[in-house]
Amino acid sequence: MLQPKRTKFRKMQKGRVRGLAQRGSTIAYGSFAIKTMEVGFITSRQIEASRIAINRYMKREGKVWIRIFPDKPITSKPAEVRMGKGK
């Protein structure tokens with residue numbers, strides 16, 4: 076799966092997703108592309124699952140370029156855990 080080789084800090088501040096991307100929204104390589112319809116985060120597992128599904132469908136007839144990289148770690152609380160950190 077994709078992840079950065081070395082980072083200075085293990086976790087990153089959450090930040091905010093603002094608007095749609097201006098750069099990287101056009102097809103650079105090939106004839107077909109998959110484009111998102113909503114703003115959001117995508118994980119390395121989602122990228123890997125889509126790559127496997129595309130390759131299985133194409134059966135070595137073409138080439139797949141992945142132009143996104145999951146460099147932002149996204150964490151979540153486990154199930155049945157209270158909000159915050161208190162008792």
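So the sequence shown is numbered by our numbering: it starts at 76 and just counts up by one. Glycine residues also receive a C-beta, built at the ideal position from the N, C-alpha and C atoms. None of these values were measured; they are calculated from a predicted model.
Using only alpha-carbon positions, find the residue among 108, 76, 97 that is nearest to residue 140. Translated into the one-based positions of the sequence shown, residue 140 becomes position 65. The residue with the shortest Cα to Cα distance from residue 140 is 108.
Minimum C-alpha distance to residue 171 - residue among 133, 151, 123, 144: Shown here, the chain extends from 76 to 162; a query on residue 171 therefore has no answer.
Counting along the chain, where does the alpha helix (DSSP H) carrying residue 132 start and finish? Counting from one through the sequence shown, the residue named residue 132 turns up at place 57. Membership of residue 132 in the alpha helix (DSSP H) is indicated by the continuous run 119–133.
Using a Cβ-Cβ cut-off of 6 Å (strictly less than) and excluding sequence neighbours within five positions of residue 146, which residues of its own chain qualify? As a first step, residue 146 must be located in the sequence shown, where it is residue number 71. Annotation for residue 146: 79 place their beta carbon closer than 6 Å to its own, counting only its chain and skipping 5 residues before and after.
Expressed to the nearest angstrom, what Euclidean distance is found between the alpha-carbon atoms of residue 91 and residue 102? By 1-based counting over the sequence shown, the position of residue 91 is 16. By 1-based counting over the sequence shown, the position of residue 102 is 27. Approximately 26 Å between the Cα atoms of the pair.
Less than 8 Å separating the beta-carbons of residue 148 and residue 86? To locate residue 148, count along the sequence shown from 1; it is residue 73. To locate residue 86, count along the sequence shown from 1; it is residue 11. Yes. Within cutoff.
Please look up how many angstroms separate the CB atoms of residue 129 and residue 143, rounded, as I've assumed it's under 8 Å. Walking along the sequence shown from the start, residue 129 turns up at place 54. Walking along the sequence shown from the start, residue 143 turns up at place 68. In this structure residue 129 is not in contact with residue 143, their Cβ atoms being roughly 14 Å apart against a cut-off of 8 Å.
For residue 104, collect the residues of the same chain with a Cβ closer than 7 Å to its Cβ; drop the 5 residues on either side in sequence, then sort them by chain order. Looking up residue 104 in the sequence shown gives position 29. The residues are 140.
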